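> Under this note's numbering, the very last position in the sequence shown is 271; numbers go up by exactly one each time.
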Amino acid sequence: MALQPNSALLVVDMQRDFMPGGALGVPEGDSIIPKVNAYIGQFAMAGAPILATRDWHPPETVHFQAQGGLWPPHCVQGTPGAEFHPGVKLPEGIIVLSKGMDPREDAYSAFHARALETGATLRDHLRALGIEHLYLSGLALDYCVKWTALGAIREVLGVTVLIDATRAVNLAPHDAEETIETLVRAGVQFETIETLWVTCKACEEFGVTPLETGASAAEEAIRSAEATVHGSEP
Ligand code: VGL
Ligand code: ZN
């Protein structure tokens with residue numbers, strides 16, 4: 038399906054601690070990096086805003102096992118594990134929203150996240166940008182992505198989970214499937230890099246109608262259109 042009008046891409050928690058070998062490694066969490074980068078490229082080409090969240094916990098929080106929570110310590114503010122994975126090509130000047138700073142809450146949903154410099158929440162940013170549809174990628178499907186998707190529905194936004202660019206923690210073996218079922222019932226849509234048709238902004242300028250095979254076909258059409266204009270045809 039074509040990219041919805043007034044869309045943004047949210048890249049969720051692509052941090053070292055959520056990668057295999059990290060403090061809270063998500064199985065195959067690193068395998069989605071090429072897909073996340075591909076979506077970043079597509080949204081950038083379409084001129085759609087791209088935002089990122091990060092888990093950003095204090096050393097002690099009810100979120101951690103030592104204080105009665107579910108998780109080993111992870112993504113502690115300022116530690117290497119809280120850094121974005123260097124393989125993720127976040128665009129320069131990207132809006133980064135942090136969550137989980139309050140030691141009294143888990144704050145899985147990105148709707149609990151805010152920009153540290155301004156205090157502006159995800160909701161504030163989406164309003165300011167005029168966003169009506171949110172595309173979600175990143176980690177983890179059964180926690181942050183799930184609760185962010187449900188939060189977006191509550192905010193009366195359209196929401197699509199980019200299912201090939203997310204992975205689940207799967208504390209229980211079927212958490213991923215149960216999450217998908219919950220999200221389907223809630224009205225969340227799903228796309229993959231093959232099914233999402235992103236129109237390139239430059240195509241409009243060149244008067245090229247992209248083919249349904251996606252943006253690469255559109256780029257190819259532009260190249261051939263340019264070759265005709267500048268070529269040696271009489
Ligand atoms: C998350 C578990 C613990 C997430 C954060 O971002 O999905 N999961 N903290
Ligand atoms: Zn966390």
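Using N, Cα and C, we set each Cβ at its ideal position, and we do this for glycine too.
Only a predicted model underlies this, so the values are computations on that prediction, with no experimental measurement involved.
On the three-state DSSP scale, how would you describe serine 146?
Reduced to three states, the DSSP call for serine 146 is coil.
> Since isoleucine 87 is in the beta strand (DSSP E), which residue starts that stretch and which ends it?
Start and end: 87-92.
> Is tryptophan 234 near ligand 1, going by C-beta to nearest heavy atom under 8 Å?
False, no ligand heavy atom lies under 8 Å from that Cβ.
> Leaving aside the five residues before and after tryptophan 184 along the sequence, list all residues of the same chain whose C-beta is less than 6 Å from its C-beta, in chain order.
Around tryptophan 184: Tyr145 and Ser146.
> Give me the Cβ distance between proline 64 and proline 71, rounded to the nearest whole Å; I'm assuming they're in contact under 8 Å.
No, proline 64 and proline 71 are not in contact; Cβ-Cβ is about 17 Å, not under 8 Å.
> Once you ignore the five residues that flank aspartate 54 on each side, which residues in its own chain have a CB closer than 6 Å to its CB?
Excluding positions up to five away in sequence, the list reads Ala60, Leu61, His111, Cys112 and Gly118.
> With DSSP as the reference, label histidine 170 as helix, strand or coil.
The answer is strand: DSSP assigns histidine 170 an E or B state.
> Is aspartate 143 near ligand 1, with its Cβ less than 8 Å from a heavy atom?
Aspartate 143: yes, Cβ under 8 Å from ligand 1.
> Could you check what DSSP says for lysine 126 in three-state terms: helix, strand or coil?
DSSP places lysine 126 in coil when its eight states are reduced to three.
> Just to confirm the assignment, what range does the alpha helix (DSSP H) spanning arginine 191 have?
That run of the alpha helix (DSSP H) goes 183-191.
> Check this for me: beta carbons of threonine 203 and leucine 134, under 9 Å apart or not?
Taking 9 Å as the Cβ cut-off, threonine 203 and leucine 134 do not qualify as a contacting pair.
> Here's the rule: buried if 16 or more other CB atoms are within 10 angstroms of the residue's CB, otherwise exposed. What is valine 182?
Its Cβ being crowded by 16 or more others within 10 Å, valine 182 is buried.
> Would you say the beta carbon of glycine 137 comes nearer than 8 Å to a heavy atom of ligand 2?
Flag set: Cβ of glycine 137 near ligand 2.
> With 16 as the cutoff for other CB atoms within 10 Å, does glycine 175 come out buried or exposed?
Glycine 175 comes out buried.
> Would you report the Cα separation of threonine 250 and methionine 38, rounded to the nearest angstrom?
Caution is warranted here: a pLDDT of 46 is assigned to threonine 250, below 50, making its placement in the model unreliable, and the coordinate value is therefore given only provisionally. Spanning the two alpha carbons is a distance of roughly 11 Å.
> Only counting the same chain, and skipping five residues up and downstream in sequence, which positions put a Cβ closer than 8 Å to that of threonine 229?
Around threonine 229: Leu199, Ile200 and Asp201.
> Within 10 angstroms of its Cβ, does threonine 155 collect 16 or more other Cβ (buried), or is it exposed?
Classification of threonine 155: exposed, given that the 10 Å Cβ count is below 16.
> Under the three-state reduction of DSSP, which class applies to threonine 219: helix, strand or coil?
The answer is helix: DSSP assigns threonine 219 an H, G or I state.
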